[in-house]
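Position 66 (the sequence shown) corresponds to 92 in this note's numbering; numbering is contiguous.
We put the CB at the ideal spot given by N, CA and C, even for glycine.
Everything numeric in this text was worked out from a predicted model, so none of it was measured.
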Amino acid sequence: MSLAPAYELSNLDALEAEAVFIFREVAAELERPVLLFSGGKDSVVLLRLAEKAFRPGKFPFPVMHVDTGHNFPEALAFRDRRMAELGERLLVASVQDSIDQGRVADEEGPRASRNRAQTVTLLDAIAEGGFDACFGGARRDEEKSRAKERVFSVRDEFGQWDPKNQRPELWSLYNSRIRQGEHIRVFPLSNWTELDVWQYIEREQLEVPPIYFAHRRSVFPRDGMLLAVGPYVQLAPGEEPFEAMVRYRTVGDMTCTGAVESTATTVAEVIA
Numbered sequence: 027m028s029l030a031p032a033y034e035l036s037n038l039d040a041l042e043a044e045a046v047f048i049f050r051e052v053a054a055e056l057e058r059p060v061l062l063f064s065g066g067k068d069s070v071v072l073l074r075l076a077e078k079a080f081r082p083g084k085f086p087f088p089v090m091h092v093d094t095g096h097n098f099p100e101a102l103a104f105r106d107r108r109m110a111e112l113g114e115r116l117l118v119a120s121v122q123d124s125i126d127q128g129r130v131a132d133e134e135g136p137r138a139s140r141n142r143a144q145t146v147t148l149l150d151a152i153a154e155g156g157f158d159a160c161f162g163g164a165r166r167d168e169e170k171s172r173a174k175e176r177v178f179s180v181r182d183e184f185g186q187w188d189p190k191n192q193r194p195e196l197w198s199l200y201n202s203r204i205r206q207g208e209h210i211r212v213f214p215l216s217n218w219t220e221l222d223v224w225q226y227i228e229r230e231q232l233e234v235p236p237i238y239f240a241h242r243r244s245v246f247p248r249d250g251m252l253l254a255v256g257p258y259v260q261l262a263p264g265e266e267p268f269e270a271m272v273r274y275r276t277v278g279d280m281t282c283t284g285a286v287e288s289t290a291t292t293v294a295e296v297i298a
């Protein structure tokens, strides 16, 4: 008597299946989810996973980008093109609008950044839209603060994370019950590594913003990083820009996102 061969999922297939399950679980349990999209590689993977979870139908939630006003132009162009291809609804929450309304103050000086200000913009957009769940691309391998996050991470009415308010997640059971004013940050990529993300991008042949690949750019050194010369970046005394072949490992504000010198121009070369 012969036994049928066991069916085994590859690492990427298992991660994909888990993420698709999480997307569908949120759509079934919560009323007004939203997918946060930065234009970066993790966001690109989230969009593909959402496609696999809900196509051929539309996403049962909108996509939202928090625009700091200091984004790389390449990232914004990619965002608009990708959303047009998908035909999904894009919401843009503007940090500049928050500044104009007096909700936050714009920092000044060579080290000015809108990183902190975008938190207020995001929380205002969540409240205005009545969203009770926000999909994000955070991974546990990124840093210590994210390593302790649950897949369903509860935020209180002030948008704060309280470790005592987090729920156990046994097997694939997620508790989505929240009180009025609270919301849940949902991280389908929690168990992915950066290598998993790049290998999935390669397998699925996903397009990412061109700044992820080596290109010539005017940069200058600061705090051990190479920052791009741009309209939102002020040079401090003694900082001298120079031309270099660089790429970015992440998509953030031009004012604080550092490049690395590289010659990698393809996904395969980035992985290598």
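Can you tell me the Cα-Cα spacing of Ala298 and Ala285, whole angstroms? Roughly 18 Å between the two C-alpha positions.
DSSP three-state call for Glu183: helix, strand or coil? coil
Out of Leu117, Leu215 and Pro247, state which residue places its alpha-carbon closest to the alpha-carbon of Leu148. Leu117
Let me know the alpha helix (DSSP H) ranges lying completely inside the region 215 to 248, each 4 residues or longer, listed in chain order. 220 to 230
Sufficient close CB pairs (3 or more, under 8 Å) joining the region 115 to 131 to the region 140 to 158: yes
How far does the beta strand (DSSP E) with Ala159 in it reach, from first residue to last? Ala159 to Phe161
Using 8 Å as the cut-off, can you tell me whether the region 73 to 88 makes contact with the region 103 to 123, which would need three or more C-beta pairs spanning the two stretches below that distance? yes
Taking all protein chains shown into account, decide if Asp188 is buried (16 or more other Cβ within 10 angstroms of its Cβ) or exposed. exposed
Length of the line joining the Cα atoms of Ala240 and Phe184: 40 Å
Between Val259 and Leu252, how many whole angstroms is the CB-CB distance? I'm expecting something under 8 Å. Rounded, the Cβ-Cβ distance is 12 Å, inconsistent with contact.
Can you name the residues that DSSP bridges to Ile297? DSSP lists no partner for Ile297.
Along the alpha helix (DSSP H) that carries Pro88, what are the first and last residues, could you check? Where Pro88 is concerned, there is no enclosing alpha helix (DSSP H), given that its DSSP letter is neither H nor E.
How long is the line joining the alpha carbons of Gly156 and Ser69, rounded to whole angstroms? 22 Å
Would you kindly report the start and end of the unbroken alpha helix (DSSP H) that includes Arg107? Pro99 to Leu112
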